[in-house]
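Below is one structure; the comments refer to it alone.
Structure follows, in structure tokens:
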């Protein structure tokens with residue numbers, strides 16, 4: 001047993017002065033590291049091999065995430081639902097959404113997540129003749145990883161997987177087919193690095209890490225305007241490092257005409273695409289040769305007014321604006337939530353239905369400040385309004401583009417926050433929500 005030096009001992013102060021952070025035990029270092037932001041921990045990895053080993057250990061990740069979850073619950077209990085950092089990653093078509101967690105208090109987060117590494121070929125432009133060549137350079141996001149590419153007509157597109165926080169990236173082999181002028185729908189799903197479960201012995205949330213052999217899929221669907229019951233789909237497998245083409249059967253039919261504001265949504269390993277008055281459901285893990293569809297709600301308008309997304313683990317759909325026929329309706333919207341009905345006596349399948357959860361008018365939500373927002377609209381974006389995304393973990397909250405502003409708005413409490421957006425017009429771009437996880441998702445390695 002180590003001897004304890006009393007504060008009254010003449011050697012006490014000498015002992016304290018000789019103590020440095022390098023003399024601390026691993027348990028003490030771990031306790032310190034758990035209170036640091038992610039970005040600081042990445043820097044600490046380069047200090048020494050000991051620190052690198054400690055911070056890279058999944059056991060440390062579990063302790064770190066459990067600590068962050070406890071702090072996150074406290075902030076949620078205070079009702080700070082609009083205080084999380086969120087912004088458009090200028091000048092790219094990505095909406096960054098960050099949990100209000102100490103692990104992601106990085107200061108000016110935009111500086112850490114810059115995508116300038118893409119180079120001049122990926123710089124966005126508003127020049128209409130060149131629009132399609134760079135239109136969907138950021139295609140999709142899953143568990144903090146994003147897929148980007150430059151789909152030029154009559155060229156094979158090369159896609160990249162990127163972690164915008166750690167700057168890690170992976171280039172995929174060239175896609176199988178050429179890009180057509182009609183466009184292409186792209187989906188992406190990646191196994192999570194961690195998930196939270198309840199520890200019944202401690203009655204608390206603990207972090208559980210996925211197996212080291214995690215997977216991801218990139219899915220390409222060349223666009224077509226007519227309704228088809230079978231169409232080609234290309235799938236990239238991280239396990240093999242190769243693309244594979246399938247003729248996919250969709251008995252109820254689907255039309256995936258190219259929509260400027262369309263993007264895929266990943267939810268529980270499945271991909272959802274809007275098109276032709278329906279939502280295509282495709283599972284690239286379990287059944288690559290069959291797809292199904294979900295009908296849009298009765299009375300739903302034109303697809304380009306819709307936004308599909310996930311909030312609090314539930315698939316949601318919005319329509320905004322409902323109709324431009326009057327000044328009032330031009331700023332009205334609706335939000336539905338997908339409900340899974342139980343299996344009936346005469347069927348073995350689970351049915352789904354849309355439940356209307358919100359009908360709103362933006363002038364009523366914003367109140368007296370609405371006219372001021374309208375008056376401050378720039379001429380080139382006047383009247384450009386649409387819902388960009390749903391808040392991933394704050395129910396009833398949407399991100400709405402109004403002119404050259406982004407409004408984060410809780411449709412239930414009527415609380416909102418306005419952020420000025422001075423980048424490119426988002427009217428022509430599919431906006432991809434990037435939800436930053438508490439701990440960055442490592443990119444699964446491809447086979448050699």
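Numbering (the UniProt record's numbering), first residue to last: 1 to 448. Glycine included, each C-beta is placed from N, C-alpha and C at the ideal position.
Apart from the five residues just before and just after residue i, which ones in its own chain have a Cβ nearer than 6 Å to its Cβ?
{"i": "residue 290", "result": "249"}
{"i": "residue 362", "result": "331"}
{"i": "residue 431", "result": "93, 95, 388"}
Tell me where the alpha helix (DSSP H) around residue i begins and ends.
{"i": "residue 354", "result": "It is not in any alpha helix (DSSP H) - residue 354 instead sits in the beta strand (DSSP E) that spans 352-361."}
{"i": "residue 30", "result": "26-33"}
Which residues mark the beginning and the end of the beta strand (DSSP E) in which residue i is found?
{"i": "residue 94", "result": "94-97"}
{"i": "residue 288", "result": "Looking at the DSSP string, residue 288 is not in any beta strand (DSSP E), and its letter there is neither H nor E."}
{"i": "residue 166", "result": "No beta strand (DSSP E) contains residue 166, which DSSP labels as neither H nor E."}
{"i": "residue 232", "result": "228-237"}
{"i": "residue 39", "result": "Run containing residue 39: none in the beta strand (DSSP E); it sits in the alpha helix (DSSP H), 38-44."}
{"i": "residue 141", "result": "138-142"}
{"i": "residue 466", "result": "Past the edges of the chain, shown from 1 to 448, lies residue 466, and the structure says nothing about it."}
{"i": "residue 408", "result": "405-410"}
{"i": "residue 389", "result": "385-390"}
{"i": "residue 306", "result": "306-311"}
{"i": "residue 402", "result": "397-402"}
{"i": "residue 433", "result": "432-435"}
{"i": "residue 314", "result": "314-319"}
{"i": "residue 269", "result": "From DSSP, residue 269 is part of no beta strand (DSSP E); its letter is neither H nor E."}
{"i": "residue 280", "result": "278-282"}
Measure from the alpha carbon of residue i to the alpha carbon of each residue in the options, then state which is nearest.
{"i": "residue 241", "options": "292, 374, 313, 160", "result": "160"}
{"i": "residue 266", "options": "218, 30, 223, 332", "result": "218"}
{"i": "residue 357", "options": "25, 411, 53, 387", "result": "411"}
{"i": "residue 95", "options": "139, 63, 71", "result": "139"}
{"i": "residue 307", "options": "386, 354, 298", "result": "386"}
{"i": "residue 37", "options": "64, 360, 59", "result": "64"}
{"i": "residue 388", "options": "263, 228, 375, 194", "result": "263"}
{"i": "residue 42", "options": "30, 32, 56", "result": "56"}
{"i": "residue 444", "options": "221, 237, 137", "result": "237"}
{"i": "residue 300", "options": "334, 309, 137, 315", "result": "334"}
{"i": "residue 457", "options": "351, 256, 46", "result": "Lying before the first or after the last residue shown, residue 457 is absent from the chain, which here runs from 1 to 448."}
{"i": "residue 88", "options": "446, 434, 447, 144", "result": "434"}
{"i": "residue 354", "options": "296, 402, 375, 162", "result": "296"}
{"i": "residue 393", "options": "167, 99, 226", "result": "99"}
{"i": "residue 360", "options": "171, 148, 227, 414", "result": "414"}
{"i": "residue 191", "options": "30, 214, 402, 336", "result": "214"}
{"i": "residue 318", "options": "281, 274, 340", "result": "274"}
{"i": "residue 276", "options": "339, 226, 376", "result": "226"}
{"i": "residue 294", "options": "302, 278, 239, 315", "result": "278"}
{"i": "residue 239", "options": "24, 29, 195, 446", "result": "446"}
{"i": "residue 171", "options": "146, 352, 195, 351", "result": "146"}
{"i": "residue 337", "options": "402, 314, 351", "result": "314"}
{"i": "residue 97", "options": "60, 448, 144", "result": "144"}
{"i": "residue 251", "options": "402, 400, 448, 292", "result": "292"}
Can you tell me whether DSSP reads residue i as helix, strand or coil?
{"i": "residue 51", "result": "helix"}
{"i": "residue 333", "result": "strand"}
{"i": "residue 375", "result": "helix"}
{"i": "residue 242", "result": "strand"}
{"i": "residue 364", "result": "helix"}
{"i": "residue 448", "result": "coil"}
{"i": "residue 223", "result": "coil"}
{"i": "residue 21", "result": "helix"}
{"i": "residue 90", "result": "coil"}
{"i": "residue 145", "result": "strand"}
{"i": "residue 251", "result": "strand"}
{"i": "residue 347", "result": "The predicted model places residue 347 with a pLDDT of 44, which falls under 50 and marks its position as unreliable, so this point remains unresolved."}
{"i": "residue 63", "result": "helix"}
{"i": "residue 3", "result": "Low confidence applies here, because residue 3 scores a pLDDT of 47, under 50, leaving its location unreliable and the question unanswered by this model."}
{"i": "residue 300", "result": "coil"}
{"i": "residue 71", "result": "helix"}
{"i": "residue 187", "result": "strand"}
Go through its chain and collect everything with a Cβ distance to residue i's Cβ below 7 Å, but skip five positions before and after it.
{"i": "residue 189", "result": "142, 216, 217, 266, 269, 271, 284"}
{"i": "residue 395", "result": "311, 312"}
{"i": "residue 21", "result": "none"}
Starting from the C-beta of residue i, find all residues in its chain whose C-beta is less than 8 Å away, skip the five residues before and the five after it, and write them out in chain order.
{"i": "residue 26", "result": "54"}
{"i": "residue 156", "result": "174, 175, 176, 177, 178, 179"}
{"i": "residue 347", "result": "A caution first: residue 347 carries a pLDDT of 44, below 50, which makes its placement in the model too unreliable to give a value."}
{"i": "residue 44", "result": "33, 36, 51, 55"}
{"i": "residue 397", "result": "81, 82, 311, 390, 391, 408, 409, 410, 411"}
{"i": "residue 416", "result": "82, 365, 366, 407, 408, 409, 410"}
{"i": "residue 305", "result": "319, 320, 321, 322, 386"}
Got a sec: does the ligand GDP put a non-hydrogen atom nearer than 7 Å to the Cβ of residue i?
{"i": "residue 306", "result": "For the ligand GDP, the structure offers nothing, since it holds no ligand at all."}
Q) With contact counted as at least three CB pairs below 8 Å, one residue from each stretch, are the segment 225-234 and the segment 242-253 in contact? A) yes
Q) Counting Cβ pairs, one atom from each stretch, are 3 or more of them under 8 Å apart for the segment 286-296 and the segment 368-375? A) no
Q. Does the segment 433-447 touch the segment 55-73, meaning 3 or more C-beta pairs lie closer than 8 Å?
A. yes
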